[in-house]
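Undergrad: The opening residue of the sequence shown carries number 0 in numbering that gives the first Met the number 0; numbering runs sequentially from there. Backbone N, C-alpha and C define an ideal beta-carbon position, used for all residues, glycine too.
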Amino acid sequence: MSFLKEFLNQVEEGYLLIDRQGLVLFCNDFLIRRGLIKENYENRPYYECIGNLSVVSCLAETFSNGKAKVCNFYHGHRDYSLYTFVGSDMVVVRCTDITELKRYERSKREFVANVSHELKTPIAVLKSILETLYEEEDREEKKTFLERAIRRVEDMRNLVEDLLIITKLESGEERLKRETFSLRSLVEDVFDFLSEEAQMRDVSLENLVEEGFMLSGDKDKLFLLLKNLVDNGIKYNRKGGKVRVGSFMQEGHAVIEVEDTGIGIPKEHIPFIFDRFYRVDPSRSKELGGTGLGLSIAKHIALSHGGRVDVESSEGRGSTFRVYLPIL
Ligand SMILES: Nc1ncnc2c1ncn2[C@@H]1O[C@H](COP(=O)(O)OP(=O)(O)OP(=O)(O)O)[C@@H](O)[C@H]1O
Ligand SMILES: [Mg+2]
0 MSFLKEFLNQ VEEGYLLIDR QGLVLFCNDF LIRRGLIKEN YENRPYYECI GNLSVVSCLA
60 ETFSNGKAKV CNFYHGHRDY SLYTFVGSDM VVVRCTDITE LKRYERSKRE FVANVSHELK
120 TPIAVLKSIL ETLYEEEDRE EKKTFLERAI RRVEDMRNLV EDLLIITKLE SGEERLKRET
180 FSLRSLVEDV FDFLSEEAQM RDVSLENLVE EGFMLSGDKD KLFLLLKNLV DNGIKYNRKG
240 GKVRVGSFMQ EGHAVIEVED TGIGIPKEHI PFIFDRFYRV DPSRSKELGG TGLGLSIAKH
300 IALSHGGRVD VESSEGRGST FRVYLPIL
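Given below as structure tokens:
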């Protein structure tokens, strides 16, 4: 044991052993040096010697429900992650300094946000120049080229906008509005927005949401979430196919269901489709346009409302995405 203690005192992360009665058995030097625990800790209750309220409440939760827990906290100008492991006769706590990791993540997010923001203006200028040239051009051949260029510029604009949305959502800086509104009319708005695309692909849209079904949340964000799901339902469909949106209540959640009769998603791809830039069939998706950020945005919007999105799919038959939003 003394060898183990010596080893634990050398490492650059914190270790704490507490018996099931809540008395501290051991704590390594790291935690004392960082001012997280008092020096005379031995055989004293953890809540008397730990100098951070977030840590105490995290441990209290572990002791009350007997389950492992992970929590992040801030102490002495540094960020930490705390992991608790529950054994039969003791609780082991591991504490790592994540300040540098957080700083790196923040700078990566800021970099993406800054680049995207800086690209917005030149893209808008380029688009309006191309549109003017297109209007003024008489020769069909040149018009075709300009049309193609405008489409590419639109792709760029969508990518930049999606990147800005996703960095804001991930940073948690985005404040959510709370408003109560009719889901049926929100779905109508989404359908109006996508009607041209649905017509072009010969896919019909059906709103099955009942008139009085109300939602509470950030209407603009939930519009974006549904727009992404319905857009996928249209894009990954076949001629004459359908996209239906319905809703119901389930265990304290409002559930929105987006069902399509499209190509479906192979089982092995399902765990990854909510990841940024992931696409099942990159060549087909490239043809269809888009950035591969749609489902990631949808997932983050649901999470920021305290909810989630899941999917059931059958290859060649279609997919059903469900959004679960807690009723507050
Ligand atoms: N309803 C669906 N049916 C079949 N495949 C789908 C469906 N929705 C998503 N996918 C698959 O999951 C991938 C990721 O979807 P996501 O919406 O994130 O990106 P995207 O549609 O390719 O681009 P974007 O939404 O940014 O325009 C898609 O490329 C597609 O392969
Ligand atoms: Mg999409």
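Closer than 8 Å is the cut-off here; do at least three beta carbon pairs connect the segment 8–27 with the segment 88–106?
TA: yes
Undergrad: Could you check the C-alpha separation between Arg283 and Cys57 for me, to the nearest Å?
TA: Reading the sequence shown from its first residue, position 284 is the one you call residue 283. Reading the sequence shown from its first residue, position 58 is the one you call residue 57. C-alpha separation (whole angstroms): 47 Å.
Undergrad: For Phe29, which option in Glu210, Glu38 and Glu178 has the closest C-alpha, if you only look at C-alpha atoms?
TA: Mapped onto the sequence shown, residue 29 falls at position 30. When only C-alpha atoms are compared, the closest one is Glu38.
Undergrad: Short check: CB of Arg77 to CB of Ser170, under 8 Å?
TA: Numbered from 1 along the sequence shown, position 78 holds the residue referred to as residue 77. Numbered from 1 along the sequence shown, position 171 holds the residue referred to as residue 170. Against a cut-off of 8 Å, the Cβ pair of Ser170 and Arg77 comes out as no contact.
Undergrad: Kindly provide the ranges of any alpha helix (DSSP H) runs that are 4 or more residues long and lie completely inside the segment 41–110, ordered along the chain.
TA: 45–48 and 52–64
Undergrad: Could you give the uninterrupted runs of the alpha helix (DSSP H) lying entirely in the segment 186–274, keeping only those of 4 residues or more?
TA: 218–234
Undergrad: Is it buried or exposed for Thr290, if we count other Cβ within 10 angstroms and need 16 for buried?
TA: Locating residue 290 in the sequence shown gives position 291, counting from the first residue. Answer is buried; the Cβ neighbour count reaches 16.
Undergrad: From Arg177 to His304, what distance separates their C-alpha atoms?
TA: Within the sequence shown, numbered from 1, the residue matching residue 177 stands at position 178. Within the sequence shown, numbered from 1, the residue matching residue 304 stands at position 305. In a straight line, the C-alpha of Arg177 is about 10 Å away from that of His304.
Undergrad: Expressed to the nearest angstrom, what Euclidean distance is found between the alpha-carbon atoms of Val254 and Asp154?
TA: By 1-based counting over the sequence shown, the position of residue 254 is 255. By 1-based counting over the sequence shown, the position of residue 154 is 155. Cα to Cα, Val254 sits roughly 31 Å from Asp154.
Undergrad: Please go through the same chain and pick out, in chain order, the residues whose beta-carbon is closer than 8 Å to the beta-carbon of Thr61, but skip the five residues on each side of it.
TA: Reading the sequence shown from its first residue, position 62 is the one you call residue 61. Contacts found: Ala67, Lys68, Thr83, Val85 and Val90.
Undergrad: What number of angstroms, rounded off, separates the C-alpha of Leu204 from the C-alpha of Leu175?
TA: Residue numbering aside, residue 204 sits at position 205 when the sequence shown is read from its first letter. Residue numbering aside, residue 175 sits at position 176 when the sequence shown is read from its first letter. Going by the C-alpha atoms only, they are around 29 Å apart.
Undergrad: From Lys241 to Gly50, what does the alpha carbon distance come to, in whole angstroms?
TA: What you label residue 241 is simply residue 242 of the sequence shown in a count that begins at 1. What you label residue 50 is simply residue 51 of the sequence shown in a count that begins at 1. Rounded to the nearest angstrom, the two C-alpha atoms are 59 Å apart.
Undergrad: With 16 other CB atoms within 10 Å as the buried threshold, where does Ala123 fall?
TA: Translated into positions along the sequence shown, residue 123 becomes position 124. With fewer than 16 Cβ atoms within 10 Å of its Cβ, Ala123 is classed as exposed.
Undergrad: Pick from Asp137, Leu163 and Ala197: whose alpha carbon is nearest that of Lys226?
TA: On the sequence shown, residue 226 is found 227 positions in, with the first residue counted as 1. It is Ala197.
Undergrad: Any heavy atom of ligand 1 closer than 7 Å to the Cβ of Gly315?
TA: If you number the sequence shown from 1, residue 315 lands on position 316. Flag unset: Cβ of Gly315 not near ligand 1.
Undergrad: Beta strand (DSSP E) containing Glu178: first to last residue?
TA: Sequence index remark: in the sequence shown, residue 178 carries index 179 (1-based). Start and end: Glu178 to Ser181.
Undergrad: Per DSSP, what are the beta-bridge partners of Gly317 in this structure?
TA: Position 318 of the sequence shown holds residue 317. In DSSP, Gly317 forms a bridge with Ser313.
Undergrad: Given a threshold of 16 other Cβ atoms within 10 Å of its Cβ, counted over all protein chains shown, does Lys266 qualify as buried or as exposed?
TA: For the purposes of this step, residue 266 is identified with residue 267 of the sequence shown, where counting begins at 1. Per the 10 Å Cβ criterion, exposed.
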